[in-house]
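Visitor:
There are 2 protein chains.
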Amino acid sequence: MCTLMNSHLEQLREKNIELTRKKIREALKEDIYTIQLASSIEDLDKIISKMLKRLRDWYEIYLPEISNRLQDNEQFISETAKSKSELMKKYKIKESMGGDFKDTEAMECQRKETLKMIEFRAEQQKKLEKLMEKNFPNITAVAGGLIGAKLIAIAGSIKELSEFPASTIQILGAEKALFRHMRSGARPPKYGIILSHPYVAESKEKAKSARKLADKISIASKVDYFKGRFIGDKLKEQLK
Amino acid sequence: MCTLMNSHLEQLREKNIELTRKKIREALKEDIYTIQLASSIEDLDKIISKMLKRLRDWYEIYLPEISNRLQDNEQFISETAKSKSELMKKYKIKESMGGDFKDTEAMECQRKETLKMIEFRAEQQKKLEKLMEKNFPNITAVAGGLIGAKLIAIAGSIKELSEFPASTIQILGAEKALFRHMRSGARPPKYGIILSHPYVAESKEKAKSARKLADKISIASKVDYFKGRFIGDKLKEQLK
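As you go down the protein sequences, you meet chains L and E in turn. So the first sequence is numbered by this note's numbering: it starts at 201 and just counts up by one. So the second sequence is numbered by this note's numbering: it starts at 201 and just counts up by one.
Listed below in structure tokens is the structure:
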């Protein structure tokens, strides 16, 4: 009798584990994958800036006159494909203070690898935007792929983002400033990562624009979560 | 008269600037270049660990059962070239808790790029070792290319390294522990980055081995700085 019950209990236990596994698997939806991709792009940004800094540091001892003249990173990395003598001719550097190293292959490799990393980041961003457009068309239409994905990443999931009020979305990414405000009474933040959206960045009244944009993103995220129809173009229209 | 003197002064000034430029250029010797290469390899180590962490994080939602079973990073990155079904078969995973994502291209790209980065780091290290062998044969024979270059990097130049006593070389890279010792009377560090040398790492009496090795490195650096003849093999012999 007792062994019979034990075997039943064992079966019940296994069934339970199976169901839980299934539930966990089903909870891992496309938004979780998208969060990983968005975070990996943020990683890549840091990696590229580290590699660029190293390349500039290296040029500082090879041809110090050039780093200052080429403030733009893309220009710097494409121009340094030229040889030292070519660069000196082009930028009219009579005499350089840089050292005469025999073998600069390692530096050239660092330059090429940095360039490859920049290209890789661009490819990954394209993939992210494609994914976002497919899975969250409304958020993407209003906020753009990268900002949309970052908002989902900070919220934790599309479900959580859709439950946030617009005023929370407005300051997502400015948690530090928010808590400083709550703790010490400093001025509250007016915008989080949506500041990098051109609608806010190029606006003269940034706080007002941020509020408007967050409002539309909030609506878009609710529609996307409940798989509603596409209203992204209308929301975008209302922003103008 | 006055204008004549001014023109002379002007000439003198220009000549001076020219000489200073030349002196700066001449001070930038191969060791400064080597320092950049060694630091770039340290950067790459951090970059690779960041990229690996991201890849593991990503697999945590795709096939969480696999990350734990493959603790070794190299094994992990080569095994994950296989498809999910292949991996599940090989590691006898009946049912995975990972999500079923339609498009995992971005994750696969991250894996490939991480692998490329590991290869790039290996290539750069080879270049460093070649450079070190050519310019600092004695240090390289005793300490190895990478550790030797890191020691030069911490010291600032081969000149400075050659002026350090062996006891300083022994704890280069453990500055934090040293200052903690000086400030609060905690136990002083017994070794710095030379701990990663097999002679110290595999020794049972690490502190003693570190002292011996630092002694030989100190001699080697003096010989290399003054461009003496090759005594690296003898120094190495004495360590045994």
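Note that the Cβ used here is the ideal one computed from N, Cα and C, for glycine as well. All values reported here derive from a predicted model rather than from experimental measurement.
Nearest by alpha-carbon distance to E/E226: which of L/I347, L/I358, L/M297 and L/E313 is it?
Guide: Numbered from its first residue, the second sequence carries residue 226 of chain E at position 26. Closest option to E/E226, Cα to Cα, is L/M297.
Visitor: Using a C-beta to C-beta distance shorter than 9 Å, which residues of chain E count as neighbours of L/Q211?
Guide: By 1-based counting over the first sequence, the position of residue 211 of chain L is 11. Going along chain E, no residue has its Cβ under 9 Å from L/Q211, so there is no contact; the nearest lies around 16 Å.
Visitor: Using a C-beta to C-beta distance shorter than 8 Å, which residues of chain E count as neighbours of L/Q438?
Guide: Mapped onto the first sequence, residue 438 of chain L falls at position 238. Near L/Q438 there are no residues of chain E at all, since even the closest Cβ is about 31 Å away, more than 8 Å.
Visitor: If you measure between the beta carbons of L/L361 and L/S421, is that distance less than 7 Å?
Guide: Start at 1 with the first residue of the first sequence, and residue 361 of chain L comes out as number 161. Start at 1 with the first residue of the first sequence, and residue 421 of chain L comes out as number 221. Yes; because the gap between Cβ atoms is below 7 Å, this pair is in contact.
Visitor: How big is the Cα-Cα spacing for L/L439 and L/G432?
Guide: To locate residue 439 of chain L, count along the first sequence from 1; it is residue 239. To locate residue 432 of chain L, count along the first sequence from 1; it is residue 232. Answer to the nearest angstrom: the Cα atoms are 11 Å apart.
Visitor: What ranges does the alpha helix (DSSP H) occupy inside the segment 325-403 of chain L, keeping only unbroken runs of at least 4 residues that lie completely in it?
Guide: Listed in chain order, they are 337-343, 345-355, 358-363, 366-370, 375-384 and 398-401.
Visitor: Which ranges would you report for the beta strand (DSSP E) in the segment 241-324 of chain L if only whole runs of at least 3 residues count?
Guide: Counting only runs of 3 or more, we get nothing.
Visitor: Between which two residues does the alpha helix (DSSP H) holding E/E443 run?
Guide: Outside the shown range of chain E, which is 201 to 440, sits residue 443 of chain E, and nothing can be said about it.
Visitor: 7 Å is my cut-off, CB to CB: does E/S240 come that close to chain L?
Guide: Along the second sequence, read from residue 1 onward, the residue named residue 240 of chain E stands at position 40. So, interface residue.
Visitor: If I'm right that L/L270 touches L/Q310 with Cβ under 8 Å, what's the distance once you round it to whole angstroms?
Guide: One-based indexing of the first sequence puts residue 270 of chain L at position 70. One-based indexing of the first sequence puts residue 310 of chain L at position 110. 16 Å between Cβ atoms; not a contact.
Visitor: Between the C-alpha atoms of E/I266 and E/K294, what's the straight-line distance to the nearest angstrom?
Guide: In the second sequence, the residue the question calls residue 266 of chain E occupies position 66. In the second sequence, the residue the question calls residue 294 of chain E occupies position 94. Their backbone Cα atoms lie some 12 Å apart in a straight line.
Visitor: With burial defined as no fewer than 16 other Cβ atoms inside 10 Å of the residue's Cβ, what is the status of L/E313: buried or exposed?
Guide: Numbered from its first residue, the first sequence carries residue 313 of chain L at position 113. Here L/E313 is buried, its C-beta having at least 16 other C-beta atoms within 10 Å.
Visitor: Measuring only between beta-carbons, confirm whether E/R225 sits less than 7 Å from chain L.
Guide: One-based indexing of the second sequence puts residue 225 of chain E at position 25. At least one chain L Cβ lies under 7 Å of E/R225.
Visitor: Determine whether the beta carbon atoms of L/I241 and L/Q325 lie at a separation below 7 Å.
Guide: Here residue 241 of chain L corresponds to residue number 41 of the first sequence, with the count starting at 1. Here residue 325 of chain L corresponds to residue number 125 of the first sequence, with the count starting at 1. Yes, these two residues count as a Cβ contact at 7 Å.
Visitor: Who are the neighbours of L/D245 on chain E, taking C-beta pairs under 7 Å?
Guide: Along the first sequence, one-based indexing puts residue 245 of chain L at 45. In chain order: nothing, as chain E lies at least about 11 Å away.
Visitor: Counting contacts by CB-CB distance shorter than 7 Å, is L/G345 in contact with chain E?
Guide: As a working mapping, residue 345 of chain L is identified with position 145 in the first sequence. So, not an interface residue.
Visitor: Is any beta-carbon of chain E found at less than 7 Å from that of L/M297?
Guide: By 1-based counting over the first sequence, the position of residue 297 of chain L is 97. So yes, L/M297 belongs to the interface.
Visitor: Are the C-beta atoms of L/Q325 and some chain E residue less than 7 Å apart?
Guide: Here the question's residue 325 of chain L lines up with position 125 in the first sequence. Cβ-Cβ to chain E under 7 Å: no for L/Q325.
Visitor: Using a Cβ-Cβ distance under 7 Å, would E/I261 count as near chain L?
Guide: Taking the first residue of the second sequence as position 1, residue 261 of chain E is located at position 61. Yes, because at least one Cβ of chain L sits closer than 7 Å to the Cβ of E/I261.
Visitor: Determine, using beta carbons only, whether L/Y425 comes closer than 7 Å to chain E.
Guide: Here residue 425 of chain L corresponds to residue number 225 of the first sequence, with the count starting at 1. Judged by the 7 Å Cβ criterion, L/Y425 is not in contact with chain E.
Visitor: Is E/K359 close to chain L? Criterion is C-beta to C-beta, closer than 7 Å.
Guide: Taking the first residue of the second sequence as 1, we reach residue 359 of chain E at position 159. Judged by the 7 Å Cβ criterion, E/K359 is not in contact with chain L.
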